[in-house]
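Note that numbering that gives the first Met the number 0 numbers the sequence shown so that position 91 is 90, with each residue one more than the last.
Think of the CB as a built atom: it goes at the ideal place given N, C-alpha and C, for glycine as much as any other residue.
Contents: one structure, followed by commentary.
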Amino acid sequence: MPGHLKELIEKVNNSNDDEKITCVIADTTVGWALEVAEKMGIKSVAFCPCGPGSLALLFHIPRLIEAGHVNGIDGSLLNDELISLAKDIPAFSSNKLPWSCPSDPNLQKVIFQFAFKDISAMNLSNWLLCNSVYELDSSACDLIPNILPIGPLLASNHLGHYTGNFWPEDSTCISWLDKQPAGSVIYVAFGSVAILSQNQFNELALGIELVGRPFLWVVRSDFTNGSAAEYPDGFIERVAEHGKIVSWAPQEKVLAHPSVACFLSHCGWNSTMDGIGMGVPFLCWPYFADQFHNQSYICDKWKVGLGLNPDENGFISRHEIKKKIEMLVSDDGIKANAEKLKEMARKSVIEGGSSYKNFQTFVEALKQ
């Protein structure tokens, strides 16, 4: 791939066309593109899919290895000490590292080595764009060289409408939401990667049912161990009048809907920013990687959500799900905090806001 990108840039820049490639913008997961730009003397911009807190820790990996805190092969912590980067950044424990994958040590090793390599590439970039708001995590942003938080990157902020789908979305859920009372619906979505065991899936279904509220649940075709889920006996019939299940939903539009009360989420960074941007309280169920640390921000720093407590076997019971949903939707303090962050996010992207200014700075620099 690096060779093909180099050939493409050379082909364009050696043509008779007046337009030349003067900058490469690449997701950090394809850091090799940044290396190609650096070797060709072209400006490069890294786009980071995680939040500033996790990114700050990634930049500290070499120092953590050198200090004997982190295993340089698989990323595991070598002692019981929490990793604290700054006072206002939630501390990292062994199960809250950006490369954590408690259920699969081999996958954790792959993610860690991949992240370590990407940081080397990011250090070559002229700027680092991040889907965040400076005021949300200023301490972490101040630790990262050349970062420009330009979020929240909500399509509705810039285009006036909602766009972009990972899978074909089921838009019938919006007309269904239109029929529900304001602030009544539990929105449940675990993103594009997280999977549950069949037993845990059943428990989640029964927990949602126990609450008795209207719910919109996104269930991918590969949600249970990579295969189609089987619902508990009679579940579909029992919830038919107050539940809606879809394979994919237009998430921004769902979260912006007045009928939505809370968001049961895996806490992926994009989903986190979606919820923040729409002012929706979270019920956190992280799956792997940076999602655990995102939960710390949501619950402990920003106080816009609650976490679910698994039992000694890592299993989350239907009664825990019911209890936490009922606590969340009745907590006026969390709702107020969510509204405050929504307003902060809104102000950041309008003229004069921090994200607006950062993006303008970036655009002007590209013109030079």
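Cα-Cα separation, residue i to residue j
i	j	result
Ala85	Ser226	42 Å
Phe115	Met121	10 Å
Asn201	His292	26 Å
Trp284	His265	5 Å
Glu338	Gly332	10 Å
Leu128	Pro51	10 Å
Ala248	Gln197	22 Å
Glu234	Glu363	According to the sequence provided, residue 234 is Phe. The question's Glu does not apply to it. Computed Cα separation, rounded: 56 Å.
Leu321	Asn308	The amino acid at residue 321 is misidentified as Leu; the sequence shows Lys. For Lys321 and Asn308, the distance between alpha carbons rounds to 12 Å.
Gly159	Trp216	For Gly159, the predicted structure reports a pLDDT of 48, less than 50, and the residue's modelled location is therefore unreliable. The matter cannot be settled from this model.
Lys42	Leu205	53 Å
Asp310	Ser258	32 Å
Leu7	Met0	11 Å
Pro89	Ser295	6 Å
His157	Glu65	Caution applies to His157, whose pLDDT of 48 falls short of 50 and renders its modelled position unreliable; the model cannot decide the point.
Met39	Asp330	55 Å
Ile207	Asp232	15 Å
Ser92	Leu77	11 Å
Gly71	Pro280	37 Å
Thr21	Thr360	17 Å
Leu254	Asp16	45 Å
Leu203	Ile143	38 Å
Residue i - DSSP class collapsed to helix/strand/coil
i	result
Phe222	coil
Leu76	strand
Phe314	coil
Lys86	coil
Ala45	strand
Ser102	coil
Lys302	coil
Gly30	coil
Gly242	strand
Phe189	coil
Pro148	strand
Ile173	helix
Trp371	As shown, the chain starts at 0 and ends at 367. That puts residue 371 outside it, with no answer to give.
Ile297	helix
Ala25	strand
Leu127	strand
Trp268	helix
Lys321	helix
Leu153	coil
Cβ neighbours of residue i in the same chain (closer than 6 Å, five flanking residues each side left out)
i	result
Lys346	Gly352
Lys302	Asn336
Met422	Nothing can be reported for residue 422, as the shown portion of the chain is limited to 0 through 367.
Ile275	Leu340 and Ala344
Lys19	Asn12
Asp299	Pro89
Own chain partners of residue i with C-beta closer than 7 Å, once the 5 adjacent residues on each side are dropped
i	result
Ala32	Leu4, Val23 and Ala25
Val328	Ala260 and Cys261
Gln290	His265, Cys266 and Gly267
Ile349	Tyr355
Asp87	Ser138
His59	Leu84
Phe111	Asp73, Gly74 and Trp98
Glu37	Ser43 and Leu123
Proximity below 8 Å, CB of residue i to CB of residue j
i	j	result
Ala288	Trp98	yes
Asn269	Asn130	yes
Leu195	Phe222	yes
Gly74	Lys108	yes
Thr27	Ala45	yes
Leu56	Cys47	no
Glu286	Ala228	For the sequence presented, residue 286 should be read as Tyr rather than Glu. Contact flag unset, no.
Gly2	Asp117	no
Val245	Asp177	no
Cutoff 8 Å; reference residue i; Cβ partners in own chain excluding five residues on either side
i	result
Arg212	Ser183, Val184, Ile185, His241, Ala260, Ile324 and Val328
Glu384	Nothing about residue 384 can be reported from this structure: the residues present for the chain run from 0 to 367 only.
Gln199	Phe314 and Ile315
Asn145	Ser124, Asn125, Trp126 and Leu127
Leu209	Arg317, His318, Ile320 and Lys321
Phe214	Val184, Ile185, Tyr186, Val187, Ile207, Val238, His241, Gly242 and Lys243
Gln367	none
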